[in-house]
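Worksheet: the structure to be examined is printed underneath.
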Amino acid sequence: MAKKFEEFTGSGTFHRGIHPPERKDFSAEAPIEAIPTPAEVIIPLQQHIGAPCKPLVTPKQEVSYGDLIGDNEAFVSAKLHSPIFGVVQKMAVTTLPNGRHVQAIHIKATGRQFTVEEMHRECMGGRWAKSVVGYDPDEVTQAINEAGIVGLGGAAFPTHVKIAAGKKPVGTLLVNGCECEPYLTADDRLMRDIPDAVITGAMLAGFAVNVKDIIIGIEENKADAIEKITKAAAGTAVKVAVLKTKYPQGSEKHLIKAVLNRVVPLGGLPADIGVAVANVTTMVAVARAVIRKMPLTHRVVCVTGAGIVQPKNILAPFGISYRELINFCGGLTKDAARILSGGPMMGFSFSDLDMPLTKGTGGVTVLTHEDTKKEKETTCVRCGRCVDVCPMNLVPARLAVAARHRNLNMAEKYKIRGCMECGCCAYACPASIPLVQLIRVCKAMIMANKSNK
Ligand code: SF4
Ligand code: SF4
Numbered sequence: 003m004a005k006k007f008e009e010f011t012g013s014g015t016f017h018r019g020i021h022p023p024e025r026k027d028f029s030a031e032a033p034i035e036a037i038p039t040p041a042e043v044i045i046p047l048q049q050h051i052g053a054p055c056k057p058l059v060t061p062k063q064e065v066s067y068g069d070l071i072g073d074n075e076a077f078v079s080a081k082l083h084s085p086i087f088g089v090v091q092k093m094a095v096t097t098l099p100n101g102r103h104v105q106a107i108h109i110k111a112t113g114r115q116f117t118v119e120e121m122h123r124e125c126m127g128g129r130w131a132k133s134v135v136g137y138d139p140d141e142v143t144q145a146i147n148e149a150g151i152v153g154l155g156g157a158a159f160p161t162h163v164k165i166a167a168g169k170k171p172v173g174t175l176l177v178n179g180c181e182c183e184p185y186l187t188a189d190d191r192l193m194r195d196i197p198d199a200v201i202t203g204a205m206l207a208g209f210a211v212n213v214k215d216i217i218i219g220i221e222e223n224k225a226d227a228i229e230k231i232t233k234a235a236a237g238t239a240v241k242v243a244v245l246k247t248k249y250p251q252g253s254e255k256h257l258i259k260a261v262l263n264r265v266v267p268l269g270g271l272p273a274d275i276g277v278a279v280a281n282v283t284t285m286v287a288v289a290r291a292v293i294r295k296m297p298l299t300h301r302v303v304c305v306t307g308a309g310i311v312q313p314k315n316i317l318a319p320f321g322i323s324y325r326e327l328i329n330f331c332g333g334l335t336k337d338a339a340r341i342l343s344g345g346p347m348m349g350f351s352f353s354d355l356d357m358p359l360t361k362g363t364g365g366v367t368v369l370t371h372e373d374t375k376k377e378k379e380t381t382c383v384r385c386g387r388c389v390d391v392c393p394m395n396l397v398p399a400r401l402a403v404a405a406r407h408r409n410l411n412m413a414e415k416y417k418i419r420g421c422m423e424c425g426c427c428a429y430a431c432p433a434s435i436p437l438v439q440l441i442r443v444c445k446a447m448i449m450a451n452k453s454n455k
């Protein structure tokens, strides 16, 4: 049995937030499938938070699966490896769905590649030890750095850096299995399909940061994942906390509040209060890196929504195009209207399907015209709903006014930097004011203003 949240310090939930339609049924019952190797991959040199990698390959050079092709010279950066056998074609700038332009290595596939069965077995198969016996914490950290692992829940923060930050005394490793974003099911499927790998990775990461407690938080709408993870954790030090379903439960700060009843100070980090947080997908990558010495070259990505013919959870190489992912799912439906990298709450809308998949992307959601029908924007009626749902205790209506007037001082006064861009305010607003979009633009203006000084 999973440990109920009553047995933890937290209440199993947090203040405010929303309950959007979950819509996970499109892909939740689709087991993870490997996609055939694409003809080309485009590997951006910066697909993580921190400094870009230094390329280690040149055009016409042959590369093998798993070869190191980009090195992290800076501490806050992550190594890159080739996800296929091939030949480097060129170095060229590519654009990512979030609008960033980054230098990238283009690799054309040549020779024999892994079959889908071999790739599935290579990344997910076999037995997982569920033990840290015989390992050294520094060896674990080193393996994580060598494998180029970043936070796969979306933040893409280099994991070896997080572990080093955790060398401030850390009491608890909190593993995030919430996947609170509507539609997405990649984490859910990993917990259901390879629960032993999640537990093994959590034990190794907890060992590296020398924690007392390891807790996996899962929302109660994932009954099968709760059962499988609880069974896999039996006899280990890993505990399972079953949490109430609410968006954005998967945000680090709200997960900590829900499980441990502790508050991360505004502008602070979980490590400041003795907690390290990592995603379940990251834990699988850690297990693979430490036990099998394999780098991070693939991830599970959920391609879903009413605009996709056959939604799937796909094991895919980094650098594959969104077009290939969508084609593998039978393509777009006739009424597909908007493609998002990520889910509908925090994802980025984009239209160029030839952009590459990067480490931090766990989902592609395609919405239809029906899904995207919008009420016309009207004026603010001062109902306060945006305030009632904001999980960061901000006043989104005031931030929107500041954004519209380009009043950056006012935006700072109303703590715009505390906004996590969860979108709860825009979702709740009866006047259909694009609150989060306005806040995003205002934050960008503040950043631009700062770098011009
Ligand atoms: S102001 Fe920011 S943190 Fe608050 S609800 Fe809106 S998007 Fe979320
Ligand atoms: S929810 Fe919308 S209408 Fe209501 S106060 Fe906030 S911005 Fe104004």
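Each residue of the sequence shown is one higher than the last, beginning at 3 in the numbering used here.
We put the CB at the ideal spot given by N, CA and C, even for glycine.
Note that this is a predicted model, so its numbers are computed, not measured.
Three-state secondary structure assigned by DSSP to residue 3
The pLDDT assigned to residue 3 is 45, lower than 50, so where the model puts this residue is not dependable, and the model offers no usable value.
Proximal residues to residue 18 (C-beta, below 8 Å), its chain only, five neighbours per side dropped
390, 391, 392, 393, 395, 426
Going along the chain, which unbroken runs of the alpha helix (DSSP H) with 4 or more residues stay wholly within the segment 380-412?
387-391, 398-406
Suppose contacts are defined by Cβ-Cβ distances below 8 Å. Is residue 209 in contact with residue 279 by that definition?
no
Just verifying my parser: in three-state terms, what is the DSSP assignment at residue 154?
coil
Count the other CB atoms within 10 Å of the CB of residue 155; is the residue buried (16 or more) or exposed (fewer)?
buried
Residues near residue 63 by beta carbon distance below 6 Å, same chain, minus five either side
90
Could you tell me which residues DSSP puts in a beta bridge with residue 249?
20
For the pair the segment 122-141 and the segment 201-216, tell me if three or more CB-CB distances fall below 8 Å.
yes
For the alpha helix (DSSP H) containing residue 147, name the first residue and the last one.
139-148
What number of angstroms, rounded off, separates the C-alpha of residue 404 from the C-alpha of residue 16?
28 Å
Is there at least one non-hydrogen atom of ligand 1 closer than 7 Å to the beta-carbon of residue 441?
yes
Taking all protein chains shown into account, do 16 or more other C-beta atoms lie within 10 angstroms of the C-beta of residue 260, making it buried, or fewer, making it exposed?
buried
Cut-off 8 Å between Cβ atoms - residues of its own chain near residue 174, not counting five sequence neighbours on either side
213, 214, 215, 216, 217, 262, 276, 277, 278
Does the beta-carbon distance from residue 87 to residue 111 come in below 8 Å?
yes
If you measure from the CB of residue 423, is any heavy atom of ligand 1 nearer than 7 Å?
yes
Please give the ranges of any alpha helix (DSSP H) in the segment 227-275, keeping only runs that are unbroken, at least 4 residues long and fully inside the region.
254-262
Beta-carbon proximity list for residue 59, same chain, < 7 Å, skipping 5 on both sides:
65, 71, 90, 107
Sequence-distant residues of its chain with Cβ nearer than 6 Å to residue 183 (five each side left out)
345, 347
8 Å contact criterion, which residue 231 and residue 244 should meet: CB distance rounded:
Not really, about 10 Å apart at Cβ, beyond 8 Å.
CA nearest to the CA of residue 387, picked from 434, 417, 358
434
In terms of residues, what are the limits of the beta strand (DSSP E) holding residue 315?
314-319
Taking only three categories from DSSP, how would you classify residue 212?
coil
Which value, in whole angstroms, describes the spacing of the CA atoms of residue 197 and residue 127?
11 Å
So the beta strand (DSSP E) residue 347 belongs to, where does it begin and stop?
Taken as a continuous stretch (DSSP letters only), residue 347 belongs to no beta strand (DSSP E), as it is neither H nor E.
Can we say the segment 309-323 touches the segment 284-294, given the rule of at least three CB pairs closer than 8 Å?
no
Any heavy atom of ligand 1 within a distance shorter than 7 Å of the CB on residue 431?
no
From residue 123 to residue 194, what does the alpha carbon distance come to, in whole angstroms?
16 Å
Following the continuous alpha helix (DSSP H) through residue 193, name the residue where it begins and the one where it ends.
188-195
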